[in-house]
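J.:
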Amino acid sequence: IQKMLHHTRPYEIEEGASKAIHDKYLAELLDLIPRHKERISSRGGQLLAYMGLGLEEFEDLLERAQEEFAAVPRRDEDRPVIGLVGEFYVRLHPDSNQDVIRKLEKAGAEVWLAPLTEFVCYSNYLSGWLAEDEFRDVPSWQNARTALVRRFLNRLAEKSEHTLFEATLPYMDGFDDITARKVVERGSAYVDRHFGGEAICSMGKADDFAHRRLDGIVSVAPFNCMPGMTVSALSQTLRERHYGIPFLCLE
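Heads up: the sequence shown begins at 1 in this note's numbering, then just goes up one per residue.
#1: Could you give the C-beta distance for Y125 and R181, rounded to a whole number, given that I count them as a contact under 8 Å?
#2: Going by C-alpha to C-alpha distance, which of H162, K24, G86, H93 sits closest to I217?
#3: Quick one: grab the DSSP three-state call for E110.
#4: Contact defined as beta carbons within less than 8 Å: I believe I21 pairs with A49. What is the distance between those atoms, to the nearest angstrom?
#5: Hey, out of M51, L62, K106, D207, whose CA is closest to D177's CA?
#6: Can we say the region 3-22 touches the region 30-42, given the rule of at least three CB pairs closer than 8 Å?
#7: Identify whether E12 lies in helix, strand or coil by the three-state DSSP scheme.
#8: Are C121 and E166 closer than 9 Å when you measure CB to CB?
#9: For R74, list the residues DSSP reports as bridge partners.
#10: Have a look at the DSSP bridge pairing and note the partners of F119.
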């Protein structure tokens, strides 16, 4: 819903039209979540969840939302698309990043925000391959179980996210986000995966944005944040590898 807002608001003719749709469906989503939680608490509900099923209500909500966002009267203009990465909390919280998305929109850009799910899925993926590494060093049932469970949950998250994104089509065509595994693969070209933390996520997603030929990248982080400083140090390397793409790091 937030991604559809960012894809619509910069072009809207009537100010506030996109935000009204966003707030409407966000409220509906918040009403759905407790019912969904209760449903998957049963044995049958858990089985459906483990099979990646039971998301029909959410799919229906997103399908209706994308139709309304697509119908918003728009200005016929081309805007540069800027990818926004950085520290998990700061990039997602407008008061922490001084409303950087709105500032970029007012300056004439459209913003593609790295998703909230990125770091959650990365954390699950990280614990899985760390358990695999530990199993290679010290074979044990506990390490094997952790690795298998995390791998299963990671695949399940990928499947569910893909299913929900499909519900936003055709409006959000081309705006699908890569999986945690792909983020780590791309980020590993800049940061060793054993380094851990958010730097590899920011660099992996920034590299994805560059491969998609976005017009620029902005990274936001708390003042003196070590992962943020790591991204700042590596940003020039990414620019050199990708057509000199503008890469601005803010603290």
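All C-beta atoms in this analysis are idealised placements derived from N, C-alpha and C, irrespective of residue type, glycine included.
T.: This is what the structure holds:
#1: By a beta-carbon distance limit of 8 Å, Y125 contacts R181. Their separation comes to about 6 Å.
#2: Nearest C-alpha to I217: G86.
#3: Look at E110 here: in three-state DSSP terms it is strand.
#4: That pair is no contact at about 28 Å.
#5: The candidate whose alpha carbon is nearest that of D177 is D207.
#6: With the cut-off at 8 Å, the region 3-22 and the region 30-42 do not touch.
#7: Residue state, collapsed to three classes: strand.
#8: In terms of Cβ geometry, C121 and E166 do not form a close pair [threshold 9 Å].
#9: For R74, which the question treats as bridged, DSSP gives the partners E12.
#10: The partner list for F119 (beta bridge, DSSP) is empty, contrary to what the question assumes.
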